[in-house]
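Asker:
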Amino acid sequence: MTLAAQIRLAAEDALKHLFPETEIPAGTITVNQTKPEFKGDYTIVLFPFLKLLRTKPDVLGNQLGNYFLEKTDLFTEFQIVSGFLNLTVRDNYWSSFLQNHFNDPHFGEKPKHDHRVMVEYSSPNTNKPLHFGHLRNIFLGYAVGEILKANGQQVVKANLVNDRGIHICKSMIAWQRYANGATPESLNTKGDHLVGDYYVKFNDAYKAEVSGLVSEGMDETVAEKEAPIMKEAQEMLRKWEANDPETKKLWETMNGWVYEGFHISYQRLGVDFDKWYYESDTYLLGKTIVEEGLRKGVLFKKEDGSVWIDLTDEGLDQKLLLRADGTSVYITQDLGTAKLKFNDYKLNQSLYVIGDEQNYHMQVLKLILKKLGEPCADGIYHLSYGMVELPTGRMKSREGTVVDADDMMDEMIALAKEQTEQAGKTEGFTQEELDKLYETIGMGALKFYLLRVDPKKKMIFDPKESIDLHGFTATFIQYAHARICSILRKEGCPLKPDSTKFQSLVLSQPLAPAEKMLALIIEQYPSILETAAQEYNPSAMCNYSFQLAQQFNSFYDEHSISKAENEEKKQFRLLLIIMTASVLRHAMNLCGIRLPEKM
RNA sequence: GGCCCGGUAGUUCAAUGGAUAGAAUAGGAGUUUCCUAAACUCUAGAUACAAGUUCGAUUCUUGUCCGGGCUACCA
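Just so we're on the same page, the working numbering is the position in the first sequence counted from 1, plus 793.
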């Protein structure tokens, strides 16, 4: 149990003893870290109890404080400052805490339990390569999955590939028209980029045909429907749905190219999936659910035969579920897929990492399932995140302002190389080690940059200046970690040392503020990890890791480890930095960020 | 029009209803005979506006203003 939780329990216990008549409502006990300008380590806020217990802050503070000193072994003293009870934690608490946990590479994790959750993320279309906006989704989904795992949940990471539809047909048509049989091999291109290029070519040709028709006097909206290339694409989609062998073959070939490209990108991004769903398998699902809904009277049929649900009670509109011709729409297949997921894995919960422009869609999806009485409805959670925008606004493929994901990775790694060389830190590395280091630094910076912000907030990305390797970055944390490793190497102390070595440590001298603060921050890690899981928020891990690295740097500057004042101090500080490194590694690893031992 | 989300230093981000609103970066001033200066120390700078609830509001409620998203028989 974390110290803050222990203090909360102790306070609860004290209040029960001191005021047996009064019931203290849950949640009224607030325990905070003491502000640096006051003496003490943790603070209990007294205000909420004053009215309830009809007492004064000084009186209550003294009662509580004395009770703690008498009944627990946690504190050495307390101060009362205007309604706040500031508690000073016994130094030996920190040393024994470190001795108990420094050797545990899983510090902060929770035991496994049988809560099954699926995290669906990435879910790309197969008509174009991944871009910068997708990266936020991918890192977020991966990190949330890992964070939930560390909290003991059974996680299935899933990718639902949108592999069919008119957009894919557009690429196929353009390829047929213009490619002359070109393949990724013949052009020496990544397959996803090749297919994306023909998607762009389609749009160019389409635009040209429309403006041609307009100049011949056709109305623009009519021209948009009548352009031959668009009609070809629609015809191709019909053939696909009719299982035309030739169309299917081309579709399989081109999708195959895209998957090869995606797999390279995913591997480089360091993310993985336990389950792949393909829309070509799932797009017909959902119709049976609709039929059942009709039988139950939850849905209704209009005169033309189309099927609807009325959500006006919930402040929403009526929503179409089946067209008049009986074909399904987007949300119909989502209903089916939602149920499929729960059946496949007996899930308790199903997370969808999807951009916030689909908030309404996801709300409707959940609501419909609820109205249909599907048990999976309650487990559905939309992990909504804000768009990544450029200073000039949204990225638009039509305007060519999309930042390609592969390019972005290359640029970051190049930046890492440049900065490392500039700082003259390449000595003592082989070329192979250097390349690995640049990748670690570049990818780390990219991931941290996208994860450090609260997911639900939209973020602005300025390709020219946004990404820095100084300040609130992964590099800062990586550097602190490398420094620790360097010290440990020189001290002949392995990263995961023998736990018997430090067992005899007893403090005879008071801890310096920088030492104590570092231990205090480390001790909070389990509660940070828990909160990050509850809120599905990896930015908590980033903020925390940065704070920890920052405190380490201050400590490092002020106190020497190798030349500590005496052996006792040296032992304590070694424990401190071993655990600092271990927690940093753990926290960043959950975000997919690696920390080098040397940089 | 309706619904949803956001508005905090010049900029990018923090702050379970708690003390004098924290960082980073850009700006100013310093630190290297000593474990990695990709670091450290000091300095200056912000809650859009107005009411309300509260001992206490960046946080909760309402209204106004600004920005974004959604509101398809597209996926």
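Beta carbons: idealized from backbone N, C-alpha and C, even for Gly.
Using C-beta distances below 6 angstroms, list every residue in its chain close to Arg1387, excluding the 5 sequence neighbours before and after it, in chain order.
Answerer: Closer than 6 angstroms at the Cβ level, and outside the excluded window around Arg1387, lie Thr1233.
Asker: Does the beta-carbon of Ala819 have 16 or more other beta-carbons within 10 angstroms, so that it is buried, or is it exposed?
Answerer: Exposed, since its Cβ has fewer than 16 Cβ neighbours within 10 Å.
Asker: What does the Cβ neighbour count give for Thr827, buried or exposed, with the cut at 16 atoms within 10 Å?
Answerer: With 16 or more Cβ atoms within 10 Å of its Cβ, Thr827 is classed as buried.
Asker: Taking Pro922 as the reference, which of Asn1152, Cys1278, Leu802, Asp956 has the closest Cα?
Answerer: Of the candidates Asn1152, Cys1278, Leu802, Asp956, the one whose C-alpha sits nearest the C-alpha of Pro922 is Asp956.
Asker: Would the beta-carbon of Phe890 be found less than 7 angstroms away from any heavy atom of the ligand ATP?
Answerer: As presented, the structure is devoid of all ligands, the ligand ATP included, so that no description of it is given.
Asker: Assuming Val1246 contacts Ile1315 (C-beta within less than 8 angstroms), just tell me the rounded distance between them.
Answerer: Not a contact, Cβ separation roughly 25 angstroms.
Asker: For Thr1268, tell me which candidate among Leu1230, Lys1249, Gly1285 has the shortest Cα-Cα distance.
Answerer: Checking every option, the nearest Cα to that of Thr1268 belongs to Leu1230.
Asker: Using a Cβ-Cβ cut-off of 8 angstroms (strictly less than) and excluding sequence neighbours within five positions of Ala803, which residues of its own chain qualify?
Answerer: Cβ within range, chain order: Phe861, Lys864, Thr865, Leu867.
Asker: Taking the continuous alpha helix (DSSP H) assigned at Gln1399, which residues delimit it?
Answerer: Residue 1399 is absent from the structure shown; the chain starts at 794 and stops at 1392.
Asker: Cα separation between Asn1152 and Ile1321?
Answerer: One C-alpha to the other measures close to 27 angstroms.
Asker: Drop a sphere of 10 angstroms on the beta-carbon of Glu1072, count the other beta-carbons inside from all chains shown, and report buried for 16 or more, exposed for fewer.
Answerer: It counts as buried.
Asker: Rounded to whole angstroms, what's the CA-CA distance from Phe1066 to Arg1366? Just pull it up for me.
Answerer: Each residue's alpha carbon lies about 40 angstroms from the other.
Asker: If distances are taken between C-alpha atoms only, which option among Val993, Leu953, Asp985, Ala951 comes closest to Tyr971?
Answerer: The residue with the shortest Cα to Cα distance from Tyr971 is Val993.
Asker: Could you check where the beta strand (DSSP E) with Ser1177 kicks off and where it finishes?
Answerer: Unbroken beta strand (DSSP E) run through Ser1177: 1173-1178.
Asker: In three-state terms, what does DSSP make of Asp1127?
Answerer: Note: Asp1127 maps to helix in three-state DSSP.
Asker: Exposed or buried, what is Leu839 when buried is set at 16 or more other beta-carbons lying within 10 Å of its beta-carbon?
Answerer: With 16 or more other Cβ atoms within 10 Å, it is buried.
Asker: Quick one: is Ala1117 buried, meaning 16 or more other Cβ sit within 10 Å of its Cβ, or exposed?
Answerer: Classification for Ala1117: exposed.
Asker: State the DSSP-derived secondary structure class of Glu1182, mapped to helix, strand or coil.
Answerer: If DSSP states are grouped into helix, strand and coil, Glu1182 belongs with the strands.
Asker: Quick check: the Cα distance between Leu1243 and Arg929, rounded to an integer number of angstroms?
Answerer: Distance between the alpha carbons of Leu1243 and Arg929 is about 6 angstroms.
Asker: Quick one: any contact between the segment 1051-1069 and the segment 983-990, if contact means 3 or more CB pairs under 8 angstroms?
Answerer: Output reads yes: the segment 983-990 touches the segment 1051-1069.
Asker: Quick test of your reading: Met1180 and Gly1148, contact by CB under 8 angstroms. State the CB separation rounded to the nearest angstrom.
Answerer: Contact flag correct, Cβ pair sits at about 6 angstroms.
Asker: Within the same chain, show all residues whose beta-carbon is closer than 6 angstroms to that of Val1146, passing over the 5 residues directly before and after it, in chain order.
Answerer: Result list for Val1146: Tyr914, Asn930, Leu933, Gly934, Leu1176, in chain order.
Asker: Per DSSP, what kind of secondary structure is Leu1222 in: helix, strand or coil?
Answerer: Correcting the residue type first, residue 1222 is Phe in the shown sequence and not Leu. Reduced to three states, the DSSP call for Phe1222 is coil.
Asker: Throw me the rounded Cβ distance for the Asp1197 and His924 pair, which I believe falls under 8 angstroms.
Answerer: So it is a contact: roughly 6 angstroms between Cβ atoms.
Asker: Which stretch, first to last residue, makes up the beta strand (DSSP E) that contains Asp1261?
Answerer: Run containing Asp1261: none; DSSP gives neither H nor E here.
Asker: Return yes when the Cβ of Ala1307 is within less than 8 angstroms of the Cβ of Ser1279, no when it is not.
Answerer: No. Outside cutoff.
Asker: What is the DSSP secondary structure of Leu1113, counted as helix, strand or coil?
Answerer: Reduced to three states, the DSSP call for Leu1113 is strand.
Asker: What's the C-alpha gap between Arg1282 and His906?
Answerer: So the two alpha carbons sit approximately 38 angstroms from each other.
Asker: Would you report the Cα separation of Ala1207 and Leu1313, rounded to the nearest angstrom?
Answerer: Near 38 angstroms, if we compare the C-alpha coordinates of Leu1313 and Ala1207.
Asker: Would you give the residue range spanned by the alpha helix (DSSP H) that Asn825 belongs to?
Answerer: Asn825 -> not in any alpha helix (DSSP H); beta strand (DSSP E) instead, spanning 824-826.
Asker: Among the candidates Glu1361, Cys1384, Glu939, whose CA atom is the shortest distance from the CA of Ser888?
Answerer: Ser888 has its Cα closest to that of Glu1361, out of Glu1361, Cys1384, Glu939.
Asker: Are Leu1115 and Val1100 touching if we call contact CB-CB under 8 angstroms?
Answerer: Yes. Within cutoff.
Asker: On the CB-based measure, 16 or more other CB atoms within 10 Å of its CB, does Phe1093 come out buried or exposed?
Answerer: Classification for Phe1093: exposed.
Asker: Which same chain residues end up closer than 7 angstroms to Gly926 when comparing Cβ atoms and leaving out the 5 residues on each side of it in sequence?
Answerer: Around Gly926: Met1180, Val1181, Met1188.
Asker: Helix, strand or coil: how does DSSP classify Ala1357 here?
Answerer: Residue state, collapsed to three classes: coil.
Asker: Do you know offhand how far Gly1090's Cα is from Asp1127's?
Answerer: So the two alpha carbons sit approximately 20 angstroms from each other.
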